[in-house]
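Asker: Okay, so the sequence shown: first residue is 1 according to the UniProt record's numbering, each after it adds one.
By construction, the Cβ of each residue, glycine as well, lies at the ideal position given by its N, Cα and C atoms.
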Amino acid sequence: MAYTGFLSALRSGRKLHISRGRCRSTVASTKRREEKEQQLEGCTLVEAVPNQIHIDFDNTQEAYKSKGNMELLRSLLVFKLCAVDVLLSKRLLGQRMFERLMKMTFYGQFVAGEDHNSIKPLIEKNRAFGVGAVLDYSVEEDLTQEEAEKKEMDSCVSEAEKESPDADHREKKYKAHRQFGDRRGGVISARTYFYADEAKCDNQMETFINCIKASGGASADGFSAIKMTALGRPQFLLQFSEVLVKWRRFFNFLAALQGKSEMMVLEQKLELDQLKENLIKLGVGSKDDIENWFNGEKLGLSGTIDLLDWNSLINDTTKISNLLMVPNLEEIKTKLCYALDNGVRLMVDAEQTYFQPAISRLTLEMQRKFNREKPVIFNTYQCYLKEAYDNVTVDVELSRREGWYFGAKLVRGAYMYQERARAKEIGYEDPINPDYEATNRMYHKCLEYVLEEIEHSRTANVMVATHNEDTVKFTLEKMNKMGLSPTENKVYFGQLLGMCDQISFPLGQAGFPVYKYVPYGPVNEVIPYLSRRAQENRGFMKGSQRERSLLWKELTRRVLCGQIFYKPVY
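1. Please list, in chain order, all residues of the same chain as Gly562 whose beta carbon is under 7 Å from its beta carbon, the five residues on each side excluded.
2. Between the segment 201-220 and the segment 464-473, do three or more beta carbon pairs fall short of 8 Å?
3. Is the segment 173-191 in contact with the segment 109-116, if contact means three or more CB pairs nearer than 8 Å?
4. Is Phe129 helix, strand or coil by DSSP?
5. Let me make sure I understand the geometry here. Which of Val392, Leu364 and Val376 has the alpha-carbon closest to that of Leu340?
6. Can you look up Thr334 in the DSSP assignment and give me helix, strand or coil?
7. As a quick exercise: from Asp306, Thr353 and Gly427, pick the residue whose alpha carbon is nearest that of Leu398.
8. Could you tell me whether the segment 67-78 touches the segment 546-560, where touching means 3 or more Cβ pairs closer than 8 Å?
9. Quick check: what's the CA-CA separation for Lys424 versus Pro528?
10. Quick check: Ala460 and Val396, are their CB atoms within less than 8 Å of each other?
11. Could you give the residue range of the alpha helix (DSSP H) that holds Met70?
12. Any chance you could list the beta strand (DSSP E) runs of at least 3 consecutive residues sitting entirely within the segment 94-167, in chain order?
13. For Leu530 and Ala190, I'd like the C-alpha separation in whole angstroms.
14. Please name the residue, chosen from Gly68, Val411, Gln258 and Cys446, that lies closest to Thr380 on a Cα-to-Cα basis.
15. Determine the contact status of Ile226 and Val344, defining contact as a CB-CB distance below 8 Å.
16. In whole angstroms, give me the CA-to-CA distance for Leu275 and Lys478.
17. Relative to the alpha-carbon of Tyr209, which residue among Gln356, Leu135, Tyr64 and Ile314 has its alpha-carbon at the smallest distance?
18. Name the two residues that bound the continuous alpha helix (DSSP H) containing His54.
19. Check the C-beta distance from Lys516 over to Leu497 and give it rounded, since I have them as a contact under 8 Å.
20. Starting from Ser224, follow the beta strand (DSSP E) in both directions and report where the run begins and ends.
21. Per DSSP, what kind of secondary structure is Ala190 in: helix, strand or coil?
22. Secondary structure at Ile527, three-state DSSP: helix, strand or coil?
23. Going by DSSP, which residues form a beta bridge with Glu271?
24. Check whether the segment 230-237 and the segment 265-285 touch, using three or more Cβ-Cβ pairs below 8 Å as the test.
25. Can you tell which of Gln367, Gly303 and Lys287 has the C-alpha that lies nearest to the C-alpha of Gly403?
26. Taking contact to mean 3 or more Cβ pairs, one atom from each stretch, closer than 8 Å, check whether the segment 118-136 and the segment 385-394 are in contact.
27. Residue range of the alpha helix (DSSP H) that Leu496 falls in?
28. Quick one: what does DSSP say Phe208 is sitting in, helix, strand or coil?
29. Tell whether a beta-carbon distance below 8 Å holds between Lys151 and Phe180.
30. Between the Cα of Lys567 and those of Phe370, Leu92, Lys125 and Leu101, spot the shortest distance and give me the residue it belongs to.
31. Just curious, the alpha helix (DSSP H) that Thr60 is in, first and last residue?
32. Considering only C-alpha positions, which residue in the set Gly407, Glu453 and Ala230 is nearest to Arg372?
33. Give the range of the alpha helix (DSSP H) segment to which Val243 is assigned.
34. Name the one or two DSSP bridge partners that Gly407 has.
35. Where DSSP assigns a beta bridge to Lys516, which residues make up the other side?
36. Between which two residues does the alpha helix (DSSP H) carrying Val559 extend?
Following this line, the structure appears as structure tokens:
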């Protein structure tokens, strides 16, 4: 099983369980550094006041100094093509002409190259201008909708469900539904994998390993992106997600019995004696069984149990897990030690809400093991979710108690339309915030919480993955107020290759850790990725002319200054 291959390099032992740790101090570090004013060719990019940095995102000379004039013209052409719904046809153009035009337009704009050798010049150039890379091998199957639906149903339906299709074995949310079997529907900014067999998963594992090797060889501080649905049968993620959600829901029910349902999630501390009584009354187990569940665990020493204590009961060494049919996690072994050996950090992508609880839990287990000395594993939090803030605060608190480095990537989210349609059609609560402004508030709330944790302990790390200039400015303002220096490498910024260079490069040249998501792969095999980039930019460019206006501004400036043949120097 490829899940086995995925986690094995990241765990030395065979057992997966949550060990308890004592609370650690979060005394704020007083370490602050003054940033010097940086003058660049007569234009001030960084305006320095003690402990404060301001970035000028309108300075096109600095934003595009890494780009030659032909690259700027290509960007304008591609964004224009995106806005007017133009597609290139391989059938009409022929293979050779199609590849040539793609490399001159969409492929050249959004993809770094065909393999790990061909991407090195671009990565080295971006690095020279202060921008790192998150490598992402973006090859996907080009399936029809019918093929995708069939693969999804075959891989998500258990044998029990196949034998008794009318029996209600799972909650509706965690069952496969053919009308939503093609998980690409309504998704424009995320790769999608469909399960075929274990051999295919093993091949995709090798692809991730090669991507990690390429990331380690390309730069000293790179990231590599991985996706859990590429590594095993999605039925596992559905089943484990349902277990985790039901377990948390049961805790909420028990909290309500003690009159604590209205409290914030981490303030819900259940009296242990009353908890045991309620479990016995509910017929969950006998008195001896209930006592045995808590014996041998460092739980309830204060006489109370909170959500983190409760979650720690789900592991393969605690008897209570037998009641929950937790999938056998002993098979999860190690192949991805390449990441550690090559000094590469891993970004685990977020996915649909019916998979995400399992993905987050598996990522958390890797963090608890490998983020002891520095942040190596980063989990992704989708802030369009109503529960995003609770998820962030609970995981941060666990990192405090156990003394490891919290690593997060904050995104708004990639599956909004699909998630809403599925919830409405199937009949469960919509997990998405009501509107874009609510999502913005959630993003800033989660971000501010993590920034405060960084200010207090200097052990949390966050990537602000956004194309929203206001959010970037919000982050810089908070960093200034908190005295967080970019040179501490605690706050990162991330954007997609070929988009929002007016944000990425000024930040990088000002000394902030900033990264481009860098896709690569053969032209024909990244067509699904390029189609999504075209769709994403179609909506983006129709709603905003800012990036195009900045590109025109810089081209005009170069022409007027006699820089018609400008080439970047590095």
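Answerer: According to the structure shown:
1. none
2. no
3. no
4. coil
5. Val376
6. Legend: pLDDT at Thr334 = 49, less than 50; position of this residue unreliable, value from coordinates given subsequently. Correct three-state label for Thr334: coil.
7. Asp306
8. yes
9. 27 Å
10. yes
11. Asn69 to Ala83
12. 131-137
13. 11 Å
14. Val411
15. no
16. 41 Å
17. Going by the sequence as given, residue 209 is Ile instead of Tyr. Ile209 has its Cα closest to that of Leu135, out of Gln356, Leu135, Tyr64 and Ile314.
18. Counting along the chain, His54 falls outside any alpha helix (DSSP H), though it belongs to the beta strand (DSSP E) covering Gln52 to Ile55.
19. 5 Å
20. Phe223 to Ile226
21. coil
22. helix
23. Thr304
24. no
25. Gln367
26. no
27. Where Leu496 is concerned, there is no enclosing alpha helix (DSSP H), although the beta strand (DSSP E) it sits in stretches over Val491 to Leu496.
28. helix
29. no
30. Lys125
31. Thr60 to Ala63
32. Gly407
33. Pro234 to Leu257
34. Asn461
35. Ala133 and Gln495
36. Arg546 to Leu560
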